[in-house]
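Data first, discussion second: the structure below is written as structure tokens.
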Amino acid sequence: MFLKYLFYLLIFPGFLFASVFGMIVGWVDRKVSARVQFRVGPPFFQNFYDIFKLWGKEVILVKNSPYFIFLIAPIIAFASVLITSTLVGTAFFFNLSIGGDLIFIIYLMMIYSVALILGASSTGNIYSSIGAGREMKLLLSDELAFILVILVPIIQAGYKIDLTQILIYQQANGMIIGSASGIIAFIVGIICLQAKMAMQPFDIAHAETEIIDGVLIEYSGTLLAFWKLSHFIMYVFLPMLLVILFWGGISFASVGSIIAGVLKYLLIVVLMILIKNTNPRIRIDTAISFFWKYASPLALVAVILAIFGV
Amino acid sequence: MAFYNKIIKKSIWVFHVSASPCNNCDIEILDLITPGYDIERFGIKLVGSVRHADVLLVTGIVSHKIAPRIKQLYEQAPKPVFVVGIGTCTVGGATFKQSYNKAGASLDKIIPVNAFIPGCPPKPEAMIDGIVKLLGTLK
Ligand code: SF4
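Those protein sequence lines, which keep their order, are chains A and B.
Here the first sequence stands for residues 6 to 315, numbered as in my numbering.
Here the second sequence stands for residues 131 to 269, numbered as in my numbering.
Below, the structure is given as structure tokens:
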């Protein structure tokens, strides 16, 4: 029993699978972005080379800074992302879930952002603190919309907070994306994912050309590799979560259904990459007003529609 | 170590240090990431923070004002790090040969340099060639 859980965490939906698959999806991101800009793009193993190289580089600690927080923040973030991906992965592939895992997932994703804020503000770098402030504001703005989006399938499935219960409901009554509230929540959900993944137009906390990778500016070597790897793993489980919540997951009954499941996942990923490539970065105040004035009320409408069963 | 060197050749993140050039070399460096040359094909990426850098691309004569900062930047970069001097300025001064404001005769009097790519400015092809030759010396 214990060995089985260890297998889940370290090998199949967890560490090994999520990192390898995440780096491959990261390559898809870079390749599609390159093709959109009429470039050739990096080779297939590029992200593997990058991570391996970062493991061997020197780690530099900042003088007069709380080393402990600086060192522990990437590890906390990586652990929380890893557990989230294991939870989503077991529900996606094996139809297994612990009780109330959606609440657990919401908390763990918040821990990732909090670790990012702590790590960035521990360095004392100006750009890093600007990045930390922006990450905090972005968290405050997208979290409400994200929770409301997750509420829609919960309500439709009859107030069940397990991923497997939502899948069972969808097998019996059709996909949630087919209903009016489902499609609204799905669209808002993709925008929230964009913000959670720090992709354009919401890469405000990183902003490579403006505040020089903001939150990650002082990280080097192995610690940077942890941050990059956490980001790659988010590529794996966030679209998977949307597929489970709205699109009926994946079924291993026949080859056709497996291909359909993979296509659903890929469609969401490519959609996110295209949004990333066609939208320039917005300012933090625009992002806040966008989420509070438009995205959250829209998600609230979806929740009200779901309560009335539309 | 040999295996690590094989990998690091395929993933080079460059940091662009502008040490009082005439700005022409900088424009040529930015040419490298445009679709025409696209150095991402070789895994080369331009990064904004020196903490992420593997190669420092230094352009320009190093003036007295920037010399201490160049040293500081070199110390801030995580090792192993390579330094490439871009343009004739870093070798001998080019247009500014007789300037009163040069901190050293060439860049390698200030920080250790692994390769020079002369030219005023060097073509992007020449820069790619230079960086590839530098990586070829890694065993
Ligand atoms: S080498 Fe020539 S083009 Fe380059 S910075 Fe010096 S003077 Fe300008």
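Cβ atoms here follow ideal geometry from the backbone N, Cα and C, with glycine treated the same way.
Whole-angstrom distance between residue j and residue i, CA atom to CA atom
i                      : j                      : result
residue 256 of chain A : residue 303 of chain A : 31 Å
residue 262 of chain B : residue 172 of chain A : 52 Å
residue 157 of chain A : residue 242 of chain A : 19 Å
residue 135 of chain A : residue 200 of chain A : 17 Å
residue 168 of chain B : residue 160 of chain A : 49 Å
residue 116 of chain A : residue 91 of chain A  : 16 Å
residue 210 of chain B : residue 244 of chain B : 12 Å
residue 121 of chain A : residue 223 of chain A : 12 Å
residue 294 of chain A : residue 155 of chain B : 42 Å
residue 314 of chain A : residue 100 of chain A : 26 Å
residue 290 of chain A : residue 83 of chain A  : 29 Å
residue 273 of chain A : residue 181 of chain A : 16 Å
Cβ-based neighbour list, residue i, same chain, cut-off 7 Å, excluding 5 preceding and 5 following
i                      : result
residue 154 of chain A : 190, 193, 194, 197 and 304
residue 286 of chain A : 205, 206, 208, 209 and 212
residue 306 of chain A : 189
residue 9 of chain A   : none
residue 166 of chain A : 105, 107, 108 and 159
Residues sharing a beta bridge with residue i, DSSP
i                      : result
residue 215 of chain B : B:188 and B:246
residue 148 of chain B : B:189
residue 232 of chain B : B:193
residue 175 of chain B : B:143
Beta-carbon contacts of residue i that lie in its chain and below 8 Å, excluding the five residues immediately before and after
i                      : result
residue 60 of chain A  : 226, 227 and 230
residue 267 of chain A : 255
residue 139 of chain B : 265 and 268
residue 192 of chain B : 149, 150, 200, 220, 232, 233, 234, 237 and 240
Whole-angstrom C-beta distance between residue j and residue i, which should lie under 8 Å
i                      : j                      : result
residue 173 of chain B : residue 142 of chain B : 6 Å
residue 70 of chain A  : residue 127 of chain A : 6 Å
residue 225 of chain B : residue 248 of chain B : With 8 Å as the limit, residue 225 of chain B and residue 248 of chain B do not qualify as a contact, their Cβ atoms being about 13 Å apart.
residue 275 of chain A : residue 37 of chain A  : 7 Å
residue 282 of chain A : residue 30 of chain A  : Rounded, the Cβ-Cβ distance is 15 Å, inconsistent with contact.
Neighbourhood of residue i by C-beta distance below 6 Å, restricted to the same chain and skipping five residues each side
i                      : result
residue 129 of chain A : 70
residue 152 of chain B : none
residue 28 of chain A  : 52, 53 and 237
residue 17 of chain A  : none
residue 94 of chain A  : 18
residue 186 of chain B : 145, 147 and 213
residue 78 of chain A  : 120, 123 and 124
residue 246 of chain A : 93
Contact residues within the region 63–86 of chain A, judged by C-beta distance below 8 Å to chain B: 63, 64 and 65
Contacting positions in the region 169–183 of chain B - beta carbon closer than 7 Å to chain A: 170, 171, 173, 178, 179, 181 and 182
Contact set between the region 137–162 of chain B and chain A, restricted to residues whose Cβ is under 7 Å from the partner: 137, 138, 140 and 141
Residues of the region 220–249 of chain A whose Cβ lies closer than 7 Å to any Cβ of chain B, in chain order: 222, 223, 224, 225, 226 and 229
Contact list for the region 223–254 of chain B against chain A, Cβ threshold 9 Å: none
Contact set between the region 27–46 of chain A and chain B, restricted to residues whose Cβ is under 8 Å from the partner: Along the region 27–46 of chain A, the positions whose C-beta sits under 8 Å from a C-beta of chain B are 35, 39, 42, 43, 44, 45 and 46, read in chain order.
Under 8 Å (Cβ pairs) to chain B, residues found in the region 189–220 of chain A: Here the close residues are 213, 214, 217 and 218.
Near-chain A residues of the region 204–222 of chain B - C-beta to any C-beta below 8 Å: 206, 208, 209 and 210
Residues, ordered as in the chain, of the region 286–308 of chain A that lie near chain B by beta-carbon distance below 8 Å: none
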